[in-house]
Amino acid sequence: MADEQVSLTSLIVMVVLGGLIIRYLFFSPASPTPRPARDAQSAARAREAMVQRVQEVCPHIDRRTILWDLQRHGGNVAATVERILSGQIETPPITFQPPPAPVSPSPPATQAQSFKAPPKPTEPDLITRYKLQNKVNADDESETAAKSKSWSSNRDERQAILQRRRDEMILAARRKMEAKIAAEKAAGKTQ
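Just add 3 to wherever you are in the sequence shown, counting from 1, and you've got my numbering.
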């Protein structure tokens with residue numbers, strides 16, 4: 004064993020590898036300065052995403068209260084929603100000033116409109132959607148007389164029966180709503 008010698012190339016390779024390992028383990032590479040800004044931006048985006056998730060479930064709670072609860076309880080969205088629903092949410096102290104909401108590239112008026120006003124449906128109600136305008140004023144007796152057997156073995160007949168039942172339910176709900184509105188108007192006029 005005394006005869007074995009270490010060659011010069013293996014010695015150089017071991018020194019270089021040793022230096023790289025020591026540098027990797029003990030010296031951190033110089034971090035560029037934009038990285039903390041990127042981390043702050045990603046943290047702000049994550050924070051706003053959490054607030055947005057909570058506001059989707061509980062839109063009546065303001066952003067400041069949600070941020071306070073998220074900050075106090077480690078950013079747990081589920082726990083925050085649970086506290087809101089159970090009524091255990093704490094109001095933030097006056098001294099708590101949350102960071103401002105990040106400015107989005109879209110104009111704020113458009114963004115506010117998209118959150119507050121839901122998009123208008125192309126067909127505003129079920130009467131229009133199922134083309135029941137001509138049946139709105141029809142008599143109830145004529146509809147009940149037109150009923151046939153309750154179920155059929157023919158697929159097309161079943162489809163027609165189910166559609167007629169759907170139409171009847173929609174029209175009945177409309178009549179009930181009209182009666183309720185008429186009763187509220189009558190009660191409002193007598194008072």
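Glycine included, each C-beta is placed from N, C-alpha and C at the ideal position.
Since we're looking at a predicted model, the values are computed, not measured.
Residue of the options minimising C-alpha distance to residue i
{"i": "Arg67", "options": "Gly77, Glu93 and Gln44", "result": "Glu93"}
{"i": "Asn137", "options": "Ser153, Ile15, Leu165 and Leu174", "result": "Leu174"}
{"i": "Phe99", "options": "Leu73, Gly90, Val84 and Gly191", "result": "Leu73"}
{"i": "Lys134", "options": "Ala104, Glu171, Glu160 and Ser153", "result": "Glu171"}
{"i": "Ala82", "options": "Val139, Leu129 and Val60", "result": "Val60"}
{"i": "Pro102", "options": "Arg26, Met17 and Ile69", "result": "Ile69"}
{"i": "His76", "options": "Asp65, Ile64, Pro62 and Met53", "result": "Met53"}
{"i": "Thr131", "options": "Ser13, Thr193, Arg177 and Ile15", "result": "Arg177"}
{"i": "His63", "options": "Ala46, Ile87 and Trp71", "result": "Ile87"}
{"i": "Asn79", "options": "Val57, Ile97 and Glu7", "result": "Val57"}
{"i": "Ala46", "options": "Ser89, Gln166, Pro105 and Glu181", "result": "Pro105"}
{"i": "Leu129", "options": "Asp65, Gly191 and Arg169", "result": "Arg169"}
Host alpha helix (DSSP H) of residue i (start-end)
{"i": "Ala81", "result": "Val80 to Ser89"}
{"i": "Val202", "result": "The structure shown does not extend to residue 202, since the chain is modelled only from 4 through 194, so no value can be given for it."}
{"i": "Lys134", "result": "Neither: Lys134 is in no alpha helix (DSSP H) and is coded neither H nor E."}
{"i": "Gln162", "result": "Arg158 to Thr193"}
{"i": "Thr68", "result": "Arg66 to Arg75"}
Buried versus exposed call for residue i [16 or more other C-beta atoms within 10 Å across all chains shown]
{"i": "Trp154", "result": "exposed"}
{"i": "Ala84", "result": "Residue identity check: residue 84 is Val in the sequence provided, not Ala. When all chains shown are included, Val84 counts as buried."}
{"i": "Arg161", "result": "exposed"}
{"i": "Arg50", "result": "buried"}
Cutoff 8 Å; reference residue i; Cβ partners in own chain excluding five residues on either side
{"i": "Val9", "result": "none"}
{"i": "Gly191", "result": "none"}
Residue i CB to nearest heavy atom of the ligand GTP below 7 Å
{"i": "Ala104", "result": "In the structure on display, the ligand GTP does not appear, and there are no ligands present to speak of."}
Other residues of its chain near residue i: CB distance less than 7 Å, five sequence neighbours each side excluded
{"i": "Asn140", "result": "none"}
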